[in-house]
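S.K.: Below you will find the structure I want to go over with you.
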Amino acid sequence: MSEIVSVREKLLEKANGLPLCPGVYIMRDGSGKVVYVGKSRKLRNRVSQYFQNGEKNRKTERMVASVRAFDYYLCDNEMEALSLENTLIKQYTPKYNIRLKDAKSYPYIKITAEEYPRMLFTRQRGADKAKYFGPYSGSGTAYALIGLVNKTLKLPTCKRSFPRDIGRERPCIYYQIGRCSGVCAGAVTAEEYRETMRNAAELLEGKNADVRRRLEAQMTAYAEEERYEAAAKCRDTLRALGAIREKQKVVASPDTEQDVVAMYSDDLCTCISVFFIRGGILHDTREMICGAEGIPEPEDMTAFLTEFYRQQAYIPPEVLIGFDLGEEDCALLSDSLSALAGRRIRIRVPEKGVKHTLCELVKKNAAEYARQYEAETGQKESILAELAHKLGLEVLPERIEAYDISNLGTEHVTAGMIVSVNGVFRKSDYRSFKIRTVEGTDDYASMRETLARRLSHLSDESGSFAQVPDLILLDGGRGHVSVVRELLEELGLAIPVFGMVKDDYHKTRALCTDTDEISIAKDRGLFTMIYKIQEEVHRYTVRCMEQAKRRTLTTSALTVIPGIGEAKAKKILLALDGLAAVKQADRAALAAIPGISARDAGAVYAYYHGEETKGEDAT
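Okay, structure coming up:
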């Protein structure tokens with residue numbers, strides 16, 4: 000304790016010597032690792048507060064207790080400090096900074112930049128010319144929006160490529176029943192289609208009123224030109240837009256465009272909730288949970304919200320904040336978001352009236368979400384504690400990695416790795432391994448190779464592979480445990496490893512070491528967790544093996560054609576999106592593929608159009 004006091008006194012002395020100007024500070028622990036990055040308009044006052052006696056929240060106290068040194072950068076102004084703070088948080092990912100979950104895990108809707116744009120679901124926001132909308136709260140929300148916009152604007156949902164497929168085939172049933180505008184039939188010009196996609200983009204932004212006004216103007220113009228069918232289409236779309244509004248929750252006047260941000264915090268977690276209001280209706284919500292180590296202080300929120308809105312396709316003219324941000328931080332956040340949006344963004348902290356009531360509603364939503372999270376987390380921690388007790392573990396197994404081997408005869412031997420963190424599957428950390436060194440079907444040797452390759456990455460500076468698992472589970476028995484335990488001893492690693500044993504009905508029965516079995520059947524919560532882990536790793540591994548098999552078989556269907564090797568086969572399949580499209584493609588479409596000559600195109604076309612005898616494996 001005296002050592003900590005002495006460190007604090009030295010750090011306080013250093014902090015008192017800092018200038019009273021804007022800057023960024025970096026807190027480091029005893030190993031030199033960055034644990035926190037912050038900014039301040041007056042460095043001396045802010046940094047010295049950490050090391051002075053006084054009441055601090057749980058997160059701050061834990062952070063300060065770990066600090067052994069700090070660095071700082073002076074900045075010309077607050078905007079420069081905010082920008083540098085965001086950059087350093089991304090670079091170091093400090094333990095005690097609140098951070099957005101990787102946006103790749105959230106769904107987006109993508110409208111491609113083509114002559115005939117397409118609307119797609121994606122989880123990756125690329126650096127291309129496409130428009131991205133989101134991220135959305137879940138895949139269900141994104142798919143529902145896609146379906147709603149498609150139905151409202153009668154967009155094509157088939158896999159036909161335009162303009163290539165216009166007039167090539169008969170229109171599908173959706174055109175015949177009036178669910179599609181009939182691009183494939185030539186019923187819509189390229190200009191009309193692009194205008195429709197413009198309306199789709201604005202609907203995804205929640206700008207129902209703008210779309211409505213544009214459609215009303217179009218309907219009037221078509222009627223004056225006596226283009227009554229086109230006017231009728233606009234009328235039907237307007238009716239569909241009215242139906243959309245009736246289904247959505249109206250929370251403000253029809254012209255309201257705003258986001259409402261509120262926060263609930265206690266000693267266990269913080270939930271930040273955002274309501275996206277477009278055209279006066281609740282368009283979507285997003286909830287972000289921070290654990291105890293990420294409980295934010297007010298000064299953290301400016302950087303957090305700046306980064307949050309950096310990932311948004313659209314920033315509304317007004318953002319309501321349901322907590323005390325401070326007048327100066329509100330001004331800074333306004334300047335930051337205005338720079339991102341290219342127009343003025345107002346930041347308001349309402350203290351009364353309708354807007355204050357709306358902030359309170361969002362805060363209640365955050366509190367309820369936090370309550371559910373804490374209940375689920377508490378239950379899972381209890382199960383993990385029971386697991387640690389059963390297995391005699393010294394630490395709570397927060398990160399569990401499970402492994403399985405799957406094969407089809409002696410081919411396509413595949414290993415799968417799944418990860419559970421605090422009782423929740425983390426699919427972004429899943430990995431598959433194609434077994435390289437083992438001949439035949441030797442599960443023990445395959446499991447050893449898999450773990451050797453995975454554990455070789457523990458020395459990585461960052462990434463999920465750099466994290467040491469608290470527990471390794473194997474879908475197998477004592478033999479599997481024995482070979483992996485031997486490997487761990489060779490590597491000098493003290494990671495607990497157990498096998499998941501199945502009964503005669505292929506159901507989880509027990510956990511095992513290389514000598515003993517540990518029954519889990521009587522503990523329902525523990526049994527359910529282990530059963531889910533075993534089923535998940537088996538499912539994932541089999542899926543990876545089957546995908547490898549399909550890739551090989553699909554490629555081989557083309558490599559039987561004279562002049563087409565594996566490299567050319569992959570190019571053709573990738574360019575045309577599968578074997579079915581290859582079979583239907585003409586010579587020109589095949590020859591247009593980079594790396595495919597006219598001769599190659601002719602050979603593929605001839606093979607699939609009866610000009611040569613086909614092999615049985617080509618079907």
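Taking numbering that gives the first Met the number 0, the leading residue of the sequence shown gets 0, the next gets one more, and so forth.
Here a beta-carbon is modelled for each residue, glycine too, at the ideal position from N, C-alpha and C.
As the structure is a computational prediction, the values presented were derived from the model and not from experiment.
1. Is residue 459 near the ligand PLP, with its Cβ less than 8 angstroms from a heavy atom?
2. Quick one: which unbroken alpha helix (DSSP H) runs of 4-plus residues sit fully inside the region 51 to 98? Chain order, please.
3. With DSSP as the reference, identify every bridge partner of residue 257, one or two as the case may be.
4. May I ask you to report which of helix, strand or coil DSSP gives residue 437?
5. Is residue 135 helix, strand or coil by DSSP?
6. Which full runs of the alpha helix (DSSP H) of 4+ residues lie inside the region 306 to 391, going along the chain?
7. What do you get for residue 135, buried or exposed, if any count of 16 or more other CB atoms within 10 angstroms of its CB means buried?
8. Is the beta carbon of residue 258 less than 9 angstroms from the beta carbon of residue 275?
9. Do the region 212 to 225 and the region 140 to 148 make contact, defined as three or more Cβ pairs closer than 8 angstroms?
10. How do the region 168 to 180 and the region 202 to 215 stand: do at least 3 beta-carbon pairs fall below 8 angstroms, yes or no?
11. So, are the CB atoms of residue 38 and residue 21 less than 9 angstroms apart?
12. Going by DSSP, which residues form a beta bridge with residue 473?
13. Can you pull the DSSP bridge partners for residue 415?
14. When you compare only the Cα positions, how much space is there between residue 25 and residue 64?
15. Is residue 191 helix, strand or coil when you go by DSSP?
16. In the structure shown, what three-state DSSP assignment does residue 455 receive?
17. Evaluate residue 566 with the Cβ neighbour count: other Cβ atoms within 10 Å of its Cβ, from every protein chain shown; 16 or more gives buried, anything less gives exposed.
18. Among 122, 199 and 403, whose alpha-carbon lies nearest the alpha-carbon of residue 153?
19. State the Cα-Cα distance for the pair residue 73 and residue 54, rounded to the nearest angstrom.
20. With a CB to CB cut of under 8 angstroms and the five nearest residues on each side skipped, what residues in its chain are close to residue 102?
21. Would you mind sorting residue 308 into buried or exposed? The rule is 16 or more other CB atoms within 10 Å of its CB.
22. Thinking just about the alpha-carbon of each residue, which of 468, 59 and 414 is nearest to the one in residue 449?
23. If you follow the alpha helix (DSSP H) that residue 507 is in, where does it begin and where does it stop?
24. Considering only C-alpha positions, which residue in the set 361, 315 and 523 is nearest to residue 342?
25. Mapping the DSSP letters down to three states, classify residue 146 as helix, strand or coil.
26. Which two residues bound the contiguous alpha helix (DSSP H) that contains residue 516?
27. Do residue 336 and residue 399 come within 9 angstroms of each other at the CB atom, strictly closer than that value?
28. I think residue 389 touches residue 519, with their Cβ atoms under 8 angstroms apart; what is that distance to the nearest whole Å?
29. Does any C-beta atom of chain D lie closer than 9 angstroms to the C-beta of residue 403?
30. Judging by CA-CA distance, which residue of 128, 305 and 238 is the nearest neighbour of residue 338?
31. Verify whether the separation of the beta carbon atoms of residue 373 and residue 422 is less than 9 angstroms.
32. Report yes if the C-beta distance between residue 36 and residue 93 is below 9 angstroms; otherwise report no.
33. For residue 539 and residue 495, I'd like the C-alpha separation in whole angstroms.
34. DSSP state of residue 565, grouped into three classes?
35. Helix or strand or just coil, what does DSSP make of residue 526?
36. When the distance is taken between beta carbons, is residue 472 closer than 9 angstroms to residue 532?
M.R.: According to the structure data:
1. In the structure on display, the ligand PLP does not appear, and there are no ligands present to speak of.
2. 57 to 65 and 77 to 91
3. 276 and 317
4. coil
5. coil
6. 326 to 340 and 352 to 390
7. buried
8. yes
9. no
10. no
11. Yes, the pair counts as a contact, with Cβ atoms nearer than the cut-off.
12. According to DSSP, residue 473 bridges with 402 and 498.
13. 403 and 431
14. 15 angstroms
15. In the displayed model, residue 191 falls within a helix according to three-state DSSP.
16. helix
17. exposed
18. When C-alpha distances from residue 153 are compared across 122, 199 and 403, the shortest belongs to 199.
19. 28 angstroms
20. Confidence at residue 102 is low in this model, with a pLDDT of 44, below 50, so the placement of that residue should be treated as unreliable; the coordinate-derived value is given next. Taken in chain order, the residues that qualify are 124, 134 and 310.
21. buried
22. When each option's Cα is compared against that of residue 449, the closest is 414.
23. Counting along the chain, residue 507 falls outside any alpha helix (DSSP H), though it belongs to the beta strand (DSSP E) covering 507 to 511.
24. 315
25. helix
26. Looking at the DSSP string, residue 516 is not in any alpha helix (DSSP H); the run it does join, the beta strand (DSSP E), is 516 to 518.
27. no
28. The distance from the Cβ of residue 389 to that of residue 519 is about 7 angstroms, consistent with a contact at the 8 angstroms cut-off.
29. No chain D appears in this structure, which consists of one protein chain only.
30. 305
31. no
32. yes
33. Looking at the two C-alpha atoms, the distance is approximately 23 angstroms.
34. helix
35. helix
36. yes
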